[in-house]
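Heads up: the structure comes next, in structure tokens.
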Amino acid sequence: MTERLAVFFDPCVFNHDTGQGFFEAKASPYLPVIETHPENSERLRNMHGVLKNGPIAEVLDWYPGETAERADLQRFHLASYVEELASIPVNESRAFSSTTIFGPGSYEICRKAAGLAMSAASHVYAGRDRVAYALVRPPGHHAQPEMADGYCFFNNIGIALEKLRAQGMKTAAVIDWDVHHGNGTQEGFYEDPDILTVSLHMNHGAWGETHPQTGAVDEVGKGNGIGKNLNIPLPYGAGDTAYLRVFDELVVPMVRQHQPEILFIAAGQDASQFDPNGRQLLSMKGFYELGKRARSLADECCDGKLVLVQEGGYAVSYAAYCLHATLEGVINRTASLPDPLAYMQEDTAGLDDFLVRTRASHELAVATTRGESN
Ligand SMILES: [Zn+2]
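Residue numbering for the sequence shown is 63 to 436, as defined by this note's numbering.
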């Protein structure tokens with residue numbers, strides 16, 4: 063029997079306007095061509111297009127989703143921060159950093175994005191389908207309880223997860239394979255023993271006031287949450303082989319041990335070979351295999367309950383194809399779209415050593431952090 067996949071989407075997410083310039087910086091006086099900001103509606107239009115028109119279209123069911131209310135937002139974010147966003151006049155823009163732009167009307171759009179993630183999570187948790195995907199922007203995984211960061215304002219997964227918890231869910235796991243560190247999600251659950259947060263990312267480190275977390279292996283959680291955060295800062299140039307081995311050898315054992323009731327994936331495609339914001343080499347095949355593994359892990363640990371929420375992915379065409387491949391993977395469908403661009407070579411020398419070092423560093427950091435907190 064062909065499995066169905068629930069997609070939560072509202073076209074208002076196209077209206078979040080991040081402006082134009084020299085990529086994510088201000089326009090150059092020397093260049094005649096001005097680009098759209100990398101986190102733009104074109105990327106979502108292509109993702110929406112490939113899901114509506116691509117081979118997978120026949121197994122998707124589309125839902126309009128809900129809108130997050132203040133109470134929903136404030137389960138993850140500080141009330142003062144939510145108020146700060148809510149009080150921005152609807153016709154005004156605000157720059158939260160040089161690259162994190164809140165456009166006219168973005169508050170309502172951000173509420174909708176969080177609501178779509180909430181609806182996807184509730185749909186799966188209630189057993190209506192095993193897998194759901196929320197096609198949203200702006201992304202959420204850098205948004206911390208009290209601040210915006212990295213194109214993100216509300217932490218869509220954090221808000222969805224807290225909504226389920228308010229309804230009785232006890233344990234969950236979040237696997238973040240966006241190419242950037244899921245620092246906002248890490249921060250929100252850093253002292254929480256019930257929520258396992260795992261982030262696979264390129265080793266970009268901290269990036270200023272809005273992003274003090276380093277994404278290093280030694281950030282393992284705090285207090286009761288020690289051991290419940292796993293960071294895997296992959297070297298630049300990591301591709302399909304590295305990501306899949308890391309998933310199998312580091313991520314799967316952690317999730318198995320945690321025994322979540324539901325698995326969330328912060329599903330960015332900016333670890334693809336052609337992403338302007340990433341330096342990694344995942345191909346469509348890699349995303350397909352990550353999708354398959356996420357599904358098989360959810361089947362094993364949490365009765366197949368799997369929620370994917372869109373994060374980054376800035377190669378306007380390739381990200382859409384990588385998304386299609388991911389979703390075919392999560393419903394165990396044969397991969398049906400050819401990869402028009404898979405020609406980059408991955409260097410896997412040093413991968414064995416990386417896996418051994420990362421596992422040992424995490425275990426050592428957990429023991430050290432426990433010792434320091436006693
Ligand atoms: Zn990203």
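Ideal placement from N, C-alpha and C gives every residue a C-beta, glycine not left out.
Touching by the beta-carbon criterion (3+ pairs, under 8 Å), the stretch 231 to 239 and the stretch 320 to 329 = As far as the Cβ criterion goes, the stretch 231 to 239 touches the stretch 320 to 329, which means the pair count is three or higher.
Measuring only the C-alpha atoms, how far is L292 from T247? Answer to the nearest angstrom: the Cα atoms are 12 Å apart.
### Query
Is H266 near ligand 1, in the sense that its beta carbon is under 7 Å from a heavy atom of that ligand?
No, Cβ of H266 sits at least 7 Å from all heavy atoms of ligand 1.
Check: Who are the Cβ neighbours of N102 in its own chain at under 7 Å, not counting the five residues just before and after it?
Finding: Annotation for N102: T80 place their beta carbon closer than 7 Å to its own, counting only its chain and skipping 5 residues before and after.
task = Compute every distance between the C-beta of V241 and the non-hydrogen atoms of ligand 1, then say whether any falls below 7 Å.
result = Correct: V241 has its Cβ closer than 7 Å to ligand 1.
Legend entry - Cα-Cα separation, H386 to G301: Each residue's alpha carbon lies about 18 Å from the other.
| task | Rounded to whole angstroms, what's the CA-CA distance from V418 to G83? Just pull it up for me. | result | Roughly 43 Å between the two C-alpha positions.
Go through its chain and collect everything with a Cβ distance to S159's Cβ below 6 Å, but skip five positions before and after it.
-> The residues are T272.
I need the straight-line Cα distance from A448 to L135, nearest angstrom please.
The requested residue 448 is not part of the displayed model; the chain covers only 63 to 436.
query = So, helix, strand or coil for R156, using DSSP?
reply = R156 falls in the strand class under three-state DSSP.
TODO: Using a threshold of 8 Å, state whether the C-beta atoms of E104 and F85 are closer than that.
DONE: In terms of Cβ geometry, E104 and F85 do not form a close pair [threshold 8 Å].
* Asked: Which runs of the alpha helix (DSSP H) fall wholly inside the stretch 73 to 138 and span at least 4 residues, in chain order?
  -> Positions of the alpha helix (DSSP H) runs, each at least 4 residues long and wholly inside the stretch 73 to 138, are given as 103 to 115 and 132 to 135 in order along the chain.
Q.
Would P338 and A377 qualify as a contact pair, given that the criterion is a beta-carbon distance under 8 Å?
A. Contact flag set, yes.
Check: Any Cβ of chain B within less than 8 Å of the Cβ of P91?
Finding: Of the protein chains in this structure there is only one, and it is not chain B.
S261, DSSP secondary structure in three states:
Note: S261 maps to strand in three-state DSSP.
- prompt: Among the residues of its own chain, which have a CB less than 6 Å from the CB of L413, if the five just before and after it don't count?
  reply: Cβ-Cβ distances below 6 Å link L413 to A304 in the same chain, with the five nearest sequence neighbours on each side left out; the list follows chain order.
Taking I324 as the reference, which of G165, A356, Q335 and E131 has the closest Cα?
-> In terms of CA proximity to I324, A356 leads the group G165, A356, Q335 and E131.
Q. In terms of alpha-carbon separation, which member of G127, P100 and L389 lies closest to C74?
A. Comparing Cα-Cα distances from C74 to each of G127, P100 and L389, the minimum goes to G127.
Assuming F138 contacts P200 under a Cβ cut-off of 8 Å, what Cβ separation, rounded to an integer in Å, is found between them?
Rounded, the Cβ-Cβ distance is 15 Å, inconsistent with contact.
For the candidate residues V69, A133 and R432, whose alpha-carbon lies nearest to that of G285?
-> Closest option to G285, Cα to Cα, is R432.
DSSP has G301 in a bridge; who is on the other side? Per DSSP, the beta bridge partners of G301 are L343.
Point to revise | Residue interval of the alpha helix (DSSP H) (run including Q248) | key: Where Q248 is concerned, the enclosing alpha helix (DSSP H) starts and stops at N245 to G250.
Out of S261, E224 and Y213, which one is the CA nearest neighbour of D254? Of the candidates S261, E224 and Y213, the one whose C-alpha sits nearest the C-alpha of D254 is E224.
Practice item. Just confirm the distance between the C-beta atoms of V308 and L262, as a whole number of angstroms; I'd bet it's less than 8 Å. Key: Contact holds; Cβ gap of about 6 Å.
Quiz item: If you compare alpha carbons, which of P91, M346 and E65 is closest to Y405?
Solution: Nearest option by C-alpha distance: M346.
| request: Measure the C-alpha to C-alpha separation of G348 and H203 and round it to an integer number of angstroms. | output: Rounded to the nearest angstrom, the two C-alpha atoms are 21 Å apart.
Report task. Write down the C-beta distance between D123 and V186 rounded to the nearest angstrom, noting that I regard them as a contact closer than 8 Å. Result -> The C-beta separation of D123 from V186 comes to about 13 Å, leaving the pair out of contact by the 8 Å criterion.
- Message: Which residues does DSSP list as the beta-bridge partners of M231?
- Response: Its beta-bridge partners do not exist; DSSP assigns none.
If you reduce the DSSP assignment to three classes, tell me which class Q372 lands in.
If DSSP states are grouped into helix, strand and coil, Q372 belongs with the strands.
Just list the residues that DSSP pairs L296 with in beta bridges. Answer by DSSP bridge pairing, in chain order: M264.
Hey, out of A234, Y213 and G212, whose CA is closest to I221's CA? Looking at the Cα atoms, A234 is the closest of the given residues.
So, helix, strand or coil for M406, using DSSP? If DSSP states are grouped into helix, strand and coil, M406 belongs with coil.
>> For G177 and A411, what's the separation of their Cα atoms in angstroms?
In response: If you take the alpha carbons of G177 and A411, they lie about 43 Å apart.
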